[in-house]
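Participant: First the structure, then my questions, so here it is.
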Amino acid sequence: MNANDTVAAVRDSLTTAKDSLAGLHMNTPLDAIARNGRARRRWHRLAGLTGAMAVMAGTALAASALAPSGHPASQSGHPVSHPRTAQLAAWTVAKQANGDIKVTIRQLSDPSGLQSTLRADGVPASVTFLAQHDPSCRPYPMTQGVFKSIYQAQNAAGSGTTVLIIHPTALPSGAGVQIGAAVGQQAGDRGLQQVDGNQTIHRPVHRVAARARSASIRVGLVYASQQCTGS
Amino acid sequence: MEFAEFYESTRDDCLRIVLLNVGDRHLAHDLVAEAYTRAWMSWRKVRELEVPRAWVVRTALNTHVSWWRRRRHEVVLGNHDAAMPAEQATGVSGDLLAALRRLPARQREVVTLRLLLDLDTETTARVLGIAPGTVGAHLHKAVATLRAAIPPHDGQEISK
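So the protein sequences, as listed, match chains A and B. Quick note on numbering: the first sequence equals residues 5 to 235 in this note's numbering. Quick note on numbering: the second sequence equals residues 22 to 181 in this note's numbering.
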């Protein structure tokens, strides 16, 4: 067999493999691609604006003036419209026009405030951040596909910010969202993740309160109940 | 060409090619979606490229290298939803696809562009920014490796 025959044989085998995937389709709608692209552009613009602000005014001074206790800059149902304030809050919840809930987490503070804001926006939620896992919450069984339909996550590298886009209508009946966190070495402890059940773990470096420590945002589904998720 | 037209006409083929390279449907889907998102963001530049779909495939495969590390995204599933290997769906020898995934990155890029996207040597060289002769050398080495992974036909003639 000469070189051309060898190339042809490999080409045939690979083409056969590709052709046999004819039933496989890229099912992400064009709208979703464009939506993600627009969100990423907005994020880049906000990040640039924040950097410029930090240089001009000083991050510490601005933070103390605009976000004194880590309270949300934007309450339920009011999308962020003031980038300066939004960037300096510990977290932000913004309800999108399509019903999605955008959660931006910058600091792990005021979990109860985030929890009640999410519940007010119609998301059964349990938020603990660094506190002990709520024993009344039981992990809800799910698959990766279900996970992906419920929310998307974006971590801006190096910024210590996690953005979750939650689709409340995709939540299975009887399920709620649990948001927690782990610090230091625990962030990479696979055993801990398995004990806690089905979760997606995001690992940017978050500031924990005012201290710079490594932490991971953990998102999972739990059975909804009055004690766990308020519903 | 508008992005919508490009997306509709190329997305399935790109997904299948990336799946053959990474072997995991969910991951391939994520990588291709990410690549198209970047293409959407840079469409004015991407649309002017000689082969925009090659850009998408290359971006998806390059993203694969740093995807988990950069986004720090980890899914813990237990045994609920084990990824379906591509070879289960293709009916093609798993050895061949495993050999494809083990190729050095540049060889795999050349195989992907030349044999899966069916580009000629000169176009492949321009897309990768290397000399045509280098494309030939990478292809020669890669094909030799892959050929060894293709099982003989069951009905092949046996010489006595």
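Quick reminder that beta carbons are idealized off the backbone N, C-alpha and C, glycines included.
Spell out whether any CB of chain B is found under 8 Å from the CB atom of Gly178 (chain A).
Facilitator: Taking 8 Å as the threshold, the shortest C-beta distance from Gly178 (chain A) to chain B does not fall below it.
Participant: Pick from A:Thr20, A:Ala185, A:Leu18 and A:Ala228: whose alpha carbon is nearest that of Arg110 (chain A)?
Facilitator: A:Ala185
Participant: Looking at chain D, is there any beta carbon in it that lies within less than 8 Å of the beta carbon of Gly41 (chain A)?
Facilitator: Looking at the structure shown, chain D is missing, and the protein chains on hand are A and B.
Participant: Val164 (chain B) versus chain A: which residues are under 9 Å apart at the beta carbon?
Facilitator: Ala7, Thr10, Val11, Ala13, Val14 and Arg15
Participant: If you draw a straight line from the C-alpha of Met62 (chain B) to the C-alpha of Ala129 (chain A), how long is it?
Facilitator: 33 Å
Participant: Exposed or buried, what is Pro76 (chain A) when buried is set at 16 or more other beta-carbons lying within 10 Å of its beta-carbon?
Facilitator: Bear in mind that a pLDDT of 46 at Pro76 (chain A), under 50, signals an unreliable position, so the model cannot answer this.
Participant: From the DSSP output, in three-state form, read off Thr96 (chain A) for me.
Facilitator: strand
Participant: Between the Cα of Pro172 (chain A) and the Cα atoms of A:Val107, A:Leu34, A:Gly117 and A:Ser113, which residue gives the shortest distance?
Facilitator: That would be A:Val107, whose Cα lies nearest to the Cα of Pro172 (chain A).
Participant: Quick one: is Thr20 (chain A) buried, meaning 16 or more other Cβ sit within 10 Å of its Cβ, or exposed?
Facilitator: Flag for Thr20 (chain A) reads exposed.
Participant: Alpha carbon to alpha carbon, how far is Leu137 (chain B) from Ile38 (chain B)?
Facilitator: 7 Å
Participant: What residues from the region 23-48 of chain A come within 7 Å of chain B, judged by C-beta to C-beta, listed N to C?
Facilitator: Ser24, Leu25, Leu28, His29, Met30, Thr32, Leu34, Ile37, Ala38, Asn40, Gly41, Arg44 and Arg45
Participant: Go to Val53 (chain B), then tell me how far its alpha helix (DSSP H) extends in each direction, as first and last residue.
Facilitator: Arg46 to Met62
Participant: Do the region 143-150 of chain B and the region 20-35 of chain A meet, that is, are 3 or more Cβ pairs less than 8 Å apart?
Facilitator: no
Participant: Is there at least one Cβ from chain B nearer than 8 Å to Pro128 (chain A)'s Cβ?
Facilitator: Not one chain B Cβ lies under 8 Å of Pro128 (chain A).
Participant: In whole angstroms, what separates the C-alpha of Ala38 (chain A) from that of Thr58 (chain B)?
Facilitator: Distance between the alpha carbons of Ala38 (chain A) and Thr58 (chain B): 7 Å.
Participant: DSSP state of Ile171 (chain B), grouped into three classes?
Facilitator: coil
Participant: Please go through the same chain and pick out, in chain order, the residues whose beta-carbon is closer than 7 Å to the beta-carbon of Arg79 (chain B), but skip the five residues on each side of it.
Facilitator: Glu130
Participant: By Cβ distance, which residues of its chain are closer than 6 Å to Tyr144 (chain A), with the 5 residues on each side in sequence left out?
Facilitator: Ala179, Leu225, Val226 and Tyr227
Participant: Can the beta-carbon of Val167 (chain A) be found less than 8 Å from the beta-carbon of Val127 (chain A)?
Facilitator: no
Participant: Going by other Cβ atoms of all chains shown within 10 Å of its Cβ, with 16 needed for buried, is Asp114 (chain A) buried or exposed?
Facilitator: buried
Participant: Would you mind sorting Asn42 (chain B) into buried or exposed? The rule is 16 or more other CB atoms within 10 Å of its CB.
Facilitator: buried
Participant: Under the three-state reduction of DSSP, which class applies to Ile154 (chain A): helix, strand or coil?
Facilitator: Reduced to three states, the DSSP call for Ile154 (chain A) is helix.
Participant: Looking at C-alpha atoms only, which residue of A:Asn31, A:Thr96 and A:Val14 is the closest neighbour of Thr166 (chain B)?
Facilitator: A:Val14
Participant: What does Pro143 (chain A) pair with, by DSSP beta-bridge criteria?
Facilitator: Under DSSP, Pro143 (chain A) forms a beta bridge with A:Val226.
Participant: Look at the alpha carbon of Ala214 (chain A) and the alpha carbon of Ala124 (chain A), and state the distance between them as a whole number of angstroms.
Facilitator: Annotation note: pLDDT 35 at Ala214 (chain A) (below 50); position unreliable, coordinate value reported separately. Distance between the alpha carbons of Ala214 (chain A) and Ala124 (chain A) is about 27 Å.
Participant: Alpha helix (DSSP H) containing Val167 (chain A): first to last residue?
Facilitator: Element bounds for Val167 (chain A): not the alpha helix (DSSP H) but the beta strand (DSSP E), Thr165 to Ile170.
Participant: Run through the DSSP bridge pairs and tell me what Ile151 (chain B) is partnered with.
Facilitator: BP columns for Ile151 (chain B) are empty, so no partner.
Participant: Check the Cβ of Ala75 (chain B) against every Cβ in chain A and list those closer than 8 Å, keeping chain order.
Facilitator: Ordered by position in chain A, no residue passes the 8 Å Cβ test against Ala75 (chain B), which lies about 15 Å from the chain.
Participant: Using CA coordinates, which residue listed in A:Arg46, A:Pro139 and A:Val97 is at the minimum distance from Ser120 (chain A)?
Facilitator: A:Val97
Participant: Strictly under 8 Å for the Cβ-Cβ distance: is Gly188 (chain A) near chain B by that measure?
Facilitator: Residue placement at Gly188 (chain A) is flagged as unreliable, the pLDDT there being 46, under the threshold of 50; the coordinate-derived value follows with that caveat. Output row for Gly188 (chain A): interface = no.
Participant: If you compare alpha carbons, which of B:Ala126, B:Arg68 and B:Leu117 is closest to His85 (chain B)?
Facilitator: Out of B:Ala126, B:Arg68 and B:Leu117, B:Ala126 has the C-alpha closest to the C-alpha of His85 (chain B).
Participant: Beta-carbon of Val67 (chain B) versus every beta-carbon of chain A: anything under 8 Å?
Facilitator: no
Participant: Under 8 Å Cβ-Cβ, which residues of chain A neighbour Met22 (chain B)?
Facilitator: Near Met22 (chain B) there are no residues of chain A at all, since even the closest Cβ is about 14 Å away, more than 8 Å.
Participant: Does any residue of chain B have a CB that is nearer than 8 Å to the CB of Leu18 (chain A)?
Facilitator: yes
Participant: Which residues in the same chain have their Cβ closer than 8 Å to the Cβ of Ala169 (chain B), if we skip the five residues on either side of it in sequence?
Facilitator: Ala120
Participant: Suppose contacts are defined by Cβ-Cβ distances below 8 Å. Is Leu140 (chain B) in contact with Val148 (chain B) by that definition?
Facilitator: yes
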